[in-house]
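One point on numbering: in the numbering used here, the residue at position 126 of the sequence shown is 126, and numbering is uninterrupted.
Glycine is no exception: its CB is placed at the ideal position from the N, C-alpha and C atoms.
Reading through the structure tokens given below for one structure.
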Amino acid sequence: MRIHLNTKDALIVVDVQVDFLLGGSLAVANGEQVIRPLNGYIRVFSQRGLSVFFTRDWHCRNHCSFTENGGRWPLHCESDTPGALFDSDLLLPTDNSYIISKGVQPEVDAYSGFQGTSLLELLREKGVERVFIGGIATEYCVKATVLDALKLGFATGVLTDAIRGIDVNSGDQEIAVGQMLAGGAVALTMDDF
């Protein structure tokens, strides 16, 4: 499939944060491998003046997702800590890019970039009709963001060369990709652009 980008397109980069990468408190195996392809997509979208949205977990210390608070995950992406920063190798354009903080409410374990954020409002404000999504982790925040984008009426592409998962159970990533495609998303790689 050949993708021809237009002004109604946007890129969503999900949670490429220090805590999710090698050495982080909730490291995704080979998570750093998403950075190079994502930087390629970021360049393509930026060069065309298209919007790029960067989601990030931005949790308070008493967030419900942390094991110390009864949740399922170790402490990660606590707001204003080094682990919550975007990886230093990830391109962060200064023009037409937006940071979307999620999981900011202590009692809500928000996986989707749309949950409790301004992402939908910003996409609609910019007239976006089609989104392309990559990042971490495939079976959690990427999947939730993709499925919400589809429910909200966006044509949605999953950048399969720029996603990695936690794989708590072997095969979780493949199942998640299948669920996204079954929901109406299209699997894409840089070769399609």
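Thinking G116 and V128 are a contact (beta carbons under 8 Å), I'd like their distance in whole angstroms, please.
Taking the Cβ atoms as the reference, G116 lies roughly 19 Å from V128, outside the contact range of under 8 Å.
Excluding five sequence neighbours on each side, which residues of the same chain lie with their C-beta closer than 6 Å to the C-beta of L22?
E32
Which residues mark the beginning and the end of the alpha helix (DSSP H) in which I42 is found?
35-47
If distances are taken between C-alpha atoms only, which option among Q105, L90, S65, L150 comes closest to V186?
L150
Can you grab the Cα-Cα spacing for the pair V208 / V177, in whole Å?
Outside the modelled stretch of the chain, which goes from 1 to 193, sits residue 208, for which no answer is possible.
Any contact of the region 77-89 with the region 11-26, i.e. 3+ C-beta pairs under 8 Å?
yes
Could you have a look at L188 and say whether DSSP puts it in helix, strand or coil?
strand
At 3 residues or longer, what runs of the beta strand (DSSP E) sit wholly inside the region 79-158?
97-102, 130-136
Taking the Cβ atom as the reference point for each residue, do D87 and I35 lie within a distance shorter than 8 Å?
yes
Is it buried or exposed, R56, if we count other Cβ atoms within 10 angstroms and call 16 or more buried?
buried
What's the gap between the Cα of Q47 and the Cα of F132?
Distance between the alpha carbons of Q47 and F132: 16 Å.
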